[in-house]
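Below: the structure, in C-alpha cells.
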Amino acid sequence: MEPRGRIDAGPLVAIPGAVLLLVSLFIGWYEPELSAWEAFEVLDLVLAGIALSCLMAAAERLGVALPGARAISRGFAGFGVLALVIVVSQAINHPPAGLGQDADTGLWLGLAGAALLALGALLSTTRISLAVNVDGPGSSRPNATRADATETAPLDPSVRPREEPR
C-alpha cells in the first residue's frame with residue numbers, strides 16, 4: 053500500500069505533552085497539595101504560556117491555521133526545551149513556598165509533560181514524519197513482487213573473470 057499523506061511526528065508527541073503540562077499546573081506539586089499556581093510566583097504563568105504557545109505551534113505544523121501561530125512555530129523547539137529546563141530546575145530546587153516539602157504528583161506529571169513537549173518539539177524541528185495510509189481496509193493491492201523470484205541471475209558459464217596482469 054502506498055502512503056498518501058505524511059504527518060509530522062513531532063506535534064503528535066508535543067500536543068499530549070503540552071496538555072499534560074497544563075493539567076499538572078492544577079495538581080499538587082508539593083506536599084500538602086500545593087499546586088504550581090500557589091507555589092510559583094511567575095513560573096506558573098511562564099509554563100502555562102509555553103504550553104499554550106506550543107499547542108498553537110503544533111496545531112500550525114499539523115495544518116490548522118491560527119492567527120500568530122506561524123511566528124510562534126519558529127520558536128517551537130526552544131519553548132519545549134525551556135519548559136523542560138524550568139520543570140527540572142523546580143524539581144531540584146524547590147520554590148520558597150515549597151521549601152522543605154516533598155514532591156507531589158503534579159511535579160512528576162509536569163516533568164513528564166515537559167519532556168514530551170521538548171521531545172515533540174525537537175522531533176518537529178528534525179522533520180521526522182509518520183507515513184499514514186488513508187485508503188480503506190478493502191483497497192489493498194496485490195504485491196508487485198513474487199515470493200519465489202530470485203534477486204540475482206545465475207552466471208553464464210562461458211564468461212570467465214578477468215585476470216589481472218602480473
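The sequence shown begins at 53 in our numbering and counts up one residue at a time.
Ideal Cβ placement from N, Cα and C applies to all residues, glycine included.
What's the C-alpha gap between Val297 and Pro84?
An answer regarding residue 297 cannot be provided, because it is not within the stretch 53 to 218 covered by the chain.
In terms of residue numbering, what span does the beta strand (DSSP E) encompassing Gly80 cover?
To locate residue 80, count along the sequence shown from 1; it is residue 28. 80–82 is the extent of the beta strand (DSSP E) around Gly80.
Quick one: measure Cβ to Cβ for Leu107 and Ala70, integer angstroms, because I've assumed they're closer than 8 Å.
Within the sequence shown, residue 107 is the residue found at index 55, counting from 1. Within the sequence shown, residue 70 is the residue found at index 18, counting from 1. Indeed, because the Cβ distance is near 5 Å, the residues count as touching under 8 Å.
Distance between Ala110 and Phe78 (C-alpha atoms, nearest Å)
As a position in the sequence shown, residue 78 is number 26, starting the count at 1. As a position in the sequence shown, residue 110 is number 58, starting the count at 1. Going from the Cα of Phe78 to the Cα of Ala110 covers about 22 Å.
Would DSSP call Ala121 helix, strand or coil?
Position 69 of the sequence shown, counted from the first residue, corresponds to residue 121. Helix.
Tell me the rounded alpha-carbon separation between Asp156 and Tyr82.
Sequence index remark: in the sequence shown, residue 156 carries index 104 (1-based). Sequence index remark: in the sequence shown, residue 82 carries index 30 (1-based). If you take the alpha carbons of Asp156 and Tyr82, they lie about 5 Å apart.
Looking at the unbroken alpha helix (DSSP H) that takes in Thr177, where does it start and where does it end?
The residue given as residue 177 occupies position 125 in the sequence shown. Taken as a continuous stretch (DSSP letters only), the alpha helix (DSSP H) holding Thr177 covers 157–177.
How big is the Cα-Cα spacing for Leu219 and Ile59?
Beyond the ends of the chain as shown, which are 53 and 218, falls residue 219; an answer cannot be given.
Less than 7 Å between C-beta atoms, sequence neighbours within five positions excluded: which residues of the same chain meet that for Ala170?
Numbered from 1 along the sequence shown, position 118 holds the residue referred to as residue 170. For Ala170, where only same-chain residues beyond five positions count, the Cβ hits under 7 Å are Gly132, Val133, Ala135, Leu136.
With 16 other Cβ atoms within 10 Å as the buried cut-off, status of Gly152:
Numbered from 1 along the sequence shown, position 100 holds the residue referred to as residue 152. Classification of Gly152: exposed, given that the 10 Å Cβ count is below 16.
When you compare the CB positions of Ala166 and Leu95, do they come within less than 8 Å of one another, or not?
Taking the sequence shown and counting its residues from 1, the one referred to as residue 166 is at position 114. Taking the sequence shown and counting its residues from 1, the one referred to as residue 95 is at position 43. Contact: no.
Have a look at the DSSP bridge pairing and note the partners of Ser87.
On the sequence shown, position 35 is the one that residue 87 refers to. Answer is Gly80, bridged to Ser87.
Going by other Cβ atoms of all chains shown within 10 Å of its Cβ, with 16 needed for buried, is Glu54 buried or exposed?
One-based indexing of the sequence shown puts residue 54 at position 2. Low local confidence applies: a pLDDT of 42 at Glu54 is under 50, so the model's placement there is unreliable, with the coordinate-based value given in what follows. So Glu54 counts as exposed.
Would you call the CB atoms of Gly101 and Gly172 closer than 8 Å?
Position 49 of the sequence shown, counting from 1, holds the residue named residue 101. Position 120 of the sequence shown, counting from 1, holds the residue named residue 172. Contact flag unset, no.
Tell whether a beta-carbon distance below 8 Å holds between Gly162 and Ser76.
The count along the sequence shown starts at 1 and reaches residue 162 at position 110. The count along the sequence shown starts at 1 and reaches residue 76 at position 24. Going by C-beta atoms, Gly162 is nearer than 8 Å to Ser76.
N-terminal and C-terminal residue of the alpha helix (DSSP H) that Gly130 is part of:
Position 78 of the sequence shown, counted from the start, is the residue given in the question as residue 130. Start and end: 128–144.
Kindly give me the distance between the Cβ atoms of Ser125 and Arg113, rounded to whole angstroms, as I take these residues to be in contact under 8 Å.
In the sequence shown, residue 125 corresponds to position 73, counting from 1. In the sequence shown, residue 113 corresponds to position 61, counting from 1. That belief holds up - the Cβ atoms of Ser125 and Arg113 are roughly 6 Å apart, short of 8 Å.
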